[in-house]
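Peer 1: Take a look at this one; I'll ask things after.
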Amino acid sequence: MENDKVKIQICMGTTCFVMGAAKLQELEKYLPPQFRGKVEISAQPCLNVCQDSGYLKAPFVKINDELIDGATVGKILEKLEEIIV
Amino acid sequence: MKQYPLFIDIDVAQQKKFNQNAYGDFFISKRSPEEQRLIAVLSDGLGSGIKANILANMTATMILKFIAAERNIAKSAEIVMNSLPICQVRKISYATFSVVDCSENGTVKIVEEGNPEFLHIRNGKVIPSEPKIVVSKKFPTRSMRTYTIQLEAEDRLIFCSDGVTQAGLGGSLFKLGWRRDGLVKFVEDKIEVLPDISCRQLAQDIVAEAQTKEPERKAKDDISCMVLHMRKPRNLLVFTGPPYYADRDAEYAHLFINYNGKKAICGGTTANLVSRELGLPITTEMFVKGHLPAYSYMTGVDLITEGILTLTKAIEYLEDAPEQIPDDAAGKLVNLFLDSDYITFMVGAKVNQAHFDPDLPLELEIRKNVVKRMEKILTQKYVKQVNLRFI
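Protein chains in written order, with the numbering used here: chain W, 14 to 98; chain Z, 693 to 1083.
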């Protein structure tokens, strides 16, 4: 069976870290039971977004390659609900 | 990249005589990078405690200053030998001395007076040396041994005060003390098991072993040991910041990975570009340690950390020099620095505009300034050779 877990990549670069990625690392704790086992959370040294993002804000998170700016636990969970139907 | 000559590493370990508040032996050293020279002196003061300390201190400091100023070590030592006072009662010097004058090409001049003969170790075995005996014209009972030897890579020299060779003297097990033979066997065995043992560790092990020979481990005399090691330099290359011209990314990534020595990357963007250009994946840990992002891994790279925050924290650790360096990304970086002799920083001049976003909760220093501060403290406080390269 294909690995169809949702890939969540949290940027750990300087800007993202300082703007809140540090707290996002505890995302696992906030996952409601229906999402557990369906997501794969990993850290990335840098998503290369902050320099060219225009008005978008750090911290940046990629969910299945879709970029979330100004990421918070709430925003991530919202997106997960859209994907994991 | 620049090819570095052999590195002269030196360290000393000491144990005070039991119940004394001051060390009766004294060690002093001086490196002069301009002349590529290292001079070190180990002196054993007559008696023990603070009086011996002052005698040894004076003797060693005088000799060091004299030899640093004079090129001819034998002549300097003779002058010092003739001018230092002798105890009128015992008719011996107030302090012994062993001086070593080492240049980076491996030529070593040694003068010893009163201390046990040094050990010269090559390929794990002690090899003999021929001294030239110089008798003092002023005090005929006084003489010193002078040597000129050529060290090869990985050679070691071990000097000690008689507290080492006479350890256990008069006790039931070692009636004549540990003796030079005992020391030789111990050192040869130790190096056979740990051929890369550091000067610091070897000196500490010798002093500790000498102390175990004493009844009830109470040192009857000050025990001091100085180890000099002529070794291949430990190089470290730190890549931090993307190159100013993006079309040179590939060139610098290859330069980095082909470096002969340890390698570290400080910065997410930098890590990404190396990974991209060389096709090597990065795995990043998911934890925060000490308010810093975790470190990452890549084959062939010893450490990958985040950039500015980690570098700034590393400077803080280097300045404060805590007993236990914290086990976070900055701590790991500091340990890499401390274990290296020649450190090169490849500093990318590209600036990340996002770091100047007024919404950032704290101020991030410019990379160039951080690296310059790093260079200053590593060279001044830790006597490392640092090379900055802006790309």
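Glycine included, every Cβ here is placed at the ideal spot set by N, Cα and C.
What residues of chain Z sit near phenylalanine 73(W), judged by a beta carbon separation below 8 angstroms?
Peer 2: Here residue 73(W) corresponds to residue number 60 of the first sequence, with the count starting at 1. None at all; the shortest Cβ gap to chain Z is about 10 angstroms.
Peer 1: Could you check how far apart the C-beta atoms of threonine 976(Z) and alanine 986(Z) are, in whole angstroms? I think they sit under 8 angstroms.
Peer 2: The count along the second sequence starts at 1 and reaches residue 976(Z) at position 284. The count along the second sequence starts at 1 and reaches residue 986(Z) at position 294. Contact flag correct, Cβ pair sits at about 7 angstroms.
Peer 1: Name, going along the chain, the residues of the stretch 997 to 1015 of chain Z whose beta-carbon falls closer than 7 angstroms to a beta-carbon of chain W.
Peer 2: Answer set for the stretch 997 to 1015 of chain Z: Glu998, Gly999, Ile1000 and Leu1001.
Peer 1: Going by beta-carbon coordinates alone, are phenylalanine 1037(Z) and arginine 1081(Z) separated by less than 8 angstroms?
Peer 2: As a first step, residue 1037(Z) is located in the second sequence; it is residue number 345 there, counting from the start. As a first step, residue 1081(Z) is located in the second sequence; it is residue number 389 there, counting from the start. Going by C-beta atoms, phenylalanine 1037(Z) is nearer than 8 angstroms to arginine 1081(Z).
Peer 1: Quick check on the burial criterion: 16 or more other C-beta atoms within 10 angstroms. Buried or exposed for methionine 14(W)?
Peer 2: Mapped onto the first sequence, residue 14(W) falls at position 1. Model confidence at methionine 14(W) stands at a pLDDT of 39, short of 50, so the residue's coordinates are unreliable; what they give is reported in the following sentence. Exposed is the call here.
Peer 1: Is leucine 928(Z) near alanine 945(Z), with beta carbons less than 8 angstroms apart?
Peer 2: Against the second sequence, residue 928(Z) aligns to sequence position 236. Against the second sequence, residue 945(Z) aligns to sequence position 253. Not a contact, by the Cβ cut-off of 8 angstroms.
Peer 1: Between the alpha carbons of lysine 1024(Z) and phenylalanine 948(Z), how many angstroms are there, rounded?
Peer 2: Mapped onto the second sequence, residue 1024(Z) falls at position 332. Mapped onto the second sequence, residue 948(Z) falls at position 256. Looking at the two C-alpha atoms, the distance is approximately 19 angstroms.
Peer 1: Could you tell me the distance, in whole angstroms, from the CA atom of phenylalanine 931(Z) to the CA atom of lysine 954(Z)?
Peer 2: As a working mapping, residue 931(Z) is identified with position 239 in the second sequence. As a working mapping, residue 954(Z) is identified with position 262 in the second sequence. Going from the Cα of phenylalanine 931(Z) to the Cα of lysine 954(Z) covers about 11 angstroms.
Peer 1: Locate the beta strand (DSSP E) running through glutamine 842(Z), then write down its first and last residues.
Peer 2: Numbered from 1 along the second sequence, position 150 holds the residue referred to as residue 842(Z). Looking at the DSSP string, the run of the beta strand (DSSP E) that includes glutamine 842(Z) is 835 to 842.
Peer 1: Under a three-way DSSP split, which group does isoleucine 1083(Z) fall into?
Peer 2: Walking along the second sequence from the start, residue 1083(Z) turns up at place 391. Note: isoleucine 1083(Z) maps to coil in three-state DSSP.
Peer 1: Just to confirm before moving on: does the CB-CB distance between valine 733(Z) and isoleucine 720(Z) stay below 8 angstroms?
Peer 2: Residue 733(Z) sits at position 41 when you count from the first residue of the second sequence. Residue 720(Z) sits at position 28 when you count from the first residue of the second sequence. Yes, the pair counts as a contact, with Cβ atoms nearer than the cut-off.
Peer 1: What does the Cβ neighbour count give for cysteine 779(Z), buried or exposed, with the cut at 16 atoms within 10 Å?
Peer 2: Translated into the one-based positions of the second sequence, residue 779(Z) becomes position 87. Its Cβ having fewer than 16 others within 10 Å, cysteine 779(Z) is exposed.
Peer 1: Any idea if asparagine 807(Z) is buried or exposed, counting beta-carbon neighbours within 10 angstroms, 16 or more meaning buried?
Peer 2: The count along the second sequence starts at 1 and reaches residue 807(Z) at position 115. Buried, by the Cβ-count rule.
Peer 1: What residues match up with serine 988(Z) in a beta bridge as DSSP calls it?
Peer 2: In the second sequence, residue 988(Z) corresponds to position 296, counting from 1. According to DSSP, serine 988(Z) bridges with Thr976(Z) and Ile996(Z).
Peer 1: By DSSP, does serine 853(Z) sit in helix, in strand, or in coil?
Peer 2: For the purposes of this step, residue 853(Z) is identified with residue 161 of the second sequence, where counting begins at 1. Correct three-state label for serine 853(Z): coil.
Peer 1: Just to check my reading of the structure: glutamate 805(Z) and arginine 872(Z) have Cβ atoms closer than 8 angstroms, yes? What is that Cβ distance to the nearest angstrom?
Peer 2: Along the second sequence, one-based indexing puts residue 805(Z) at 113. Along the second sequence, one-based indexing puts residue 872(Z) at 180. With 8 angstroms as the limit, glutamate 805(Z) and arginine 872(Z) do not qualify as a contact, their Cβ atoms being about 17 angstroms apart.
Peer 1: Taking the C-alpha atoms as reference points, what is the distance between leucine 861(Z) and glycine 739(Z)?
Peer 2: Locating residue 861(Z) in the second sequence gives position 169, where the first residue counts as 1. Locating residue 739(Z) in the second sequence gives position 47, where the first residue counts as 1. Answer to the nearest angstrom: the Cα atoms are 16 angstroms apart.
Peer 1: Take arginine 814(Z) and list the residues in its own chain whose beta-carbon comes closer than 6 angstroms to its own, dropping the five residues that flank it on each side.
Peer 2: Mapped onto the second sequence, residue 814(Z) falls at position 122. Once the five neighbours on either side are set aside, the close Cβ partners of arginine 814(Z) are Asp847.
Peer 1: Does the CB of proline 907(Z) have a neighbour CB from chain W at under 8 angstroms?
Peer 2: Working through the second sequence from its first residue, we reach residue 907(Z) at position 215. Proline 907(Z) does not count as touching chain W.
Peer 1: I want to verify the contact list: residues of chain Z whose CB lies under 8 angstroms from the CB of threonine 28(W), in sequence order.
Peer 2: Start at 1 with the first residue of the first sequence, and residue 28(W) comes out as number 15. Under the 8 angstroms cutoff, chain Z gives Asn1044, Ala1046, His1047, Asp1049 and Leu1052.
Peer 1: Taking 8 angstroms as the threshold (beta carbon to beta carbon), is alanine 956(Z) in contact with chain W?
Peer 2: Within the second sequence, residue 956(Z) is the residue found at index 264, counting from 1. Output row for alanine 956(Z): interface = no.
Peer 1: Please report the straight-line C-alpha distance between aspartate 1012(Z) and threonine 1002(Z), rounded to a whole angstrom.
Peer 2: Taking the second sequence and counting its residues from 1, one reaches residue 1012(Z) at position 320. Taking the second sequence and counting its residues from 1, one reaches residue 1002(Z) at position 310. Cα to Cα, aspartate 1012(Z) sits roughly 15 angstroms from threonine 1002(Z).
Peer 1: Would you say proline 1018(Z) reaches chain W, if we count a Cβ-Cβ gap shorter than 8 angstroms as a contact?
Peer 2: Walking along the second sequence from the start, residue 1018(Z) turns up at place 326. Cβ-Cβ to chain W under 8 angstroms: no for proline 1018(Z).
Peer 1: Hey, out of Pro973(Z), Ile915(Z) and Ile1058(Z), whose CA is closest to alanine 895(Z)'s CA?
Peer 2: Taking the first residue of the second sequence as position 1, residue 895(Z) is located at position 203. Comparing Cα-Cα distances from alanine 895(Z) to each of Pro973(Z), Ile915(Z) and Ile1058(Z), the minimum goes to Ile915(Z).
Peer 1: I'd like the ranges of any beta strand (DSSP E) spanning at least 3 consecutive residues and lying wholly in the stretch 48 to 76 of chain W.
Peer 2: Counting whole runs of 3 or more residues, the stretch 48 to 76 of chain W contains the beta strand (DSSP E) stretches 52 to 57 and 74 to 76.
Peer 1: Mind checking whether valine 62(W) and phenylalanine 73(W) have CB atoms under 8 angstroms apart?
Peer 2: As a working note, residue 62(W) is residue 49 in the first sequence. As a working note, residue 73(W) is residue 60 in the first sequence. Cβ distance < 8 angstroms, so valine 62(W) and phenylalanine 73(W) count as in contact.
Peer 1: What residues in the stretch 1052 to 1070 of chain Z have a beta carbon less than 8 angstroms from any beta carbon of chain W?
Peer 2: Cβ contacts with chain W come from Leu1052, Pro1053, Leu1054 and Leu1056.
Peer 1: Against chain W, with Cβ distances strictly below 8 angstroms, would isoleucine 720(Z) count as a contact?
Peer 2: In the second sequence, residue 720(Z) corresponds to position 28, counting from 1. It does not: the Cβ of isoleucine 720(Z) has no partner Cβ on chain W nearer than 8 angstroms.
Peer 1: Quick one: what does DSSP say aspartate 873(Z) is sitting in, helix, strand or coil?
Peer 2: One-based indexing of the second sequence puts residue 873(Z) at position 181. It is helical.
Peer 1: Which bits of chain W does proline 985(Z) rub up against, with CB to CB less than 7 angstroms?
Peer 2: Position 293 of the second sequence, counting from 1, holds the residue named residue 985(Z). Correct list: Met25 and Phe30.
Peer 1: Take the Cβ of valine 781(Z) as the centre, count every other Cβ of all protein chains shown within 10 Å, and call the residue buried at 16 or more, exposed below.
Peer 2: Along the second sequence, one-based indexing puts residue 781(Z) at 89. Its Cβ having fewer than 16 others within 10 Å, valine 781(Z) is exposed.
Peer 1: Counting contacts by CB-CB distance shorter than 8 angstroms, is valine 56(W) in contact with chain Z?
Peer 2: As a first step, residue 56(W) must be located in the first sequence, where it is residue number 43. The sequence given here has alanine at residue 56(W), not valine. Taking Cβ atoms only, chain Z reaches closer than 8 angstroms to alanine 56(W), which makes this a yes.
Peer 1: Using the C-alpha atoms, what's the distance from tyrosine 839(Z) back to glutamate 822(Z)?
Peer 2: Counting from 1 along the second sequence, the entry for residue 822(Z) is found at position 130. Counting from 1 along the second sequence, the entry for residue 839(Z) is found at position 147. Going by the C-alpha atoms only, they are around 7 angstroms apart.
Peer 1: Count the other C-beta atoms from every protein chain shown that fall within 10 angstroms of the C-beta of threonine 799(Z), then say buried if there are 16 or more, exposed otherwise.
Peer 2: Start at 1 with the first residue of the second sequence, and residue 799(Z) comes out as number 107. It is exposed - the Cβ of threonine 799(Z) has fewer than 16 other Cβ atoms within 10 Å.
Peer 1: Quick check on this structure: which residue in Pro887(Z), Lys867(Z) and Phe878(Z) has the alpha carbon closest to the alpha carbon of proline 645(Z)?
Peer 2: Nothing in the structure corresponds to residue 645(Z), since chain Z is present only between 693 and 1083.
Peer 1: I need the boundaries of the beta strand (DSSP E) containing cysteine 958(Z), first residue and last residue.
Peer 2: As a position in the second sequence, residue 958(Z) is number 266, starting the count at 1. Residues 954 to 958.
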